[in-house]
Structures are given as C-alpha cells and as structure tokens.
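Numbering (this note's numbering), first residue to last: 186 to 266. All C-beta atoms, glycine included, are put in the ideal place defined by N, C-alpha and C. The block underneath contains the structure these notes are about, expressed in structure tokens.
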C-alpha cells in the first residue's frame, strides 16, 4: 500500500486547521474618554473613589498632618454631627 501525498480527507472525517500561528485573543478595550460605561462599572468606580478619599482623610487625621481645627478625624465629625 503506497500512500499518496495530497490525499483528500474522507467525507465526515474531522479536518485539522492549517498549521501556523495561533490566533491572538482580542483584549477588551477598557474605555475611551467619552465612551459610556456600564452602570455596574460606574458604581464600582464611585464606591472605590469614596473609600479611597475616606481612607486618605482618616490616615491624614491620624498622623496629625494638620491641626484638628483644619482636619478633624472622621470620628470627630461623626460625633459632632
């Protein structure tokens, strides 16, 4: 039995993709400057921004970055209402 080069596959036989470089997965674009964002993403960004500012305020007050009259701690503000 001699094999022939360039033999065509039989009907129903699985075919392989041609060998070569695998296709790159496309990275999802995060966002453009004026592109609309999803509500879930908006809420996550808003909550993280609030938490970061609150944490920075708390740390700045704890290390006495400024006098208490200018930078009270979050607890002092809460107590004074």
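Span of the alpha helix (DSSP H) around residue i
i: residue 261; result: 259-265
i: residue 256; result: Neither: residue 256 is in no alpha helix (DSSP H) and is coded neither H nor E.
i: residue 223; result: Segment: none, residue 223 is in no alpha helix (DSSP H) and carries neither H nor E.
Nearest candidate by alpha-carbon position, reference residue i, set the options
i: residue 216; options: 227, 257, 209 and 210; result: 227
i: residue 246; options: 256, 237, 222 and 238; result: 256
i: residue 263; options: 212, 243 and 233; result: 243
i: residue 239; options: 260, 225, 221 and 253; result: 260
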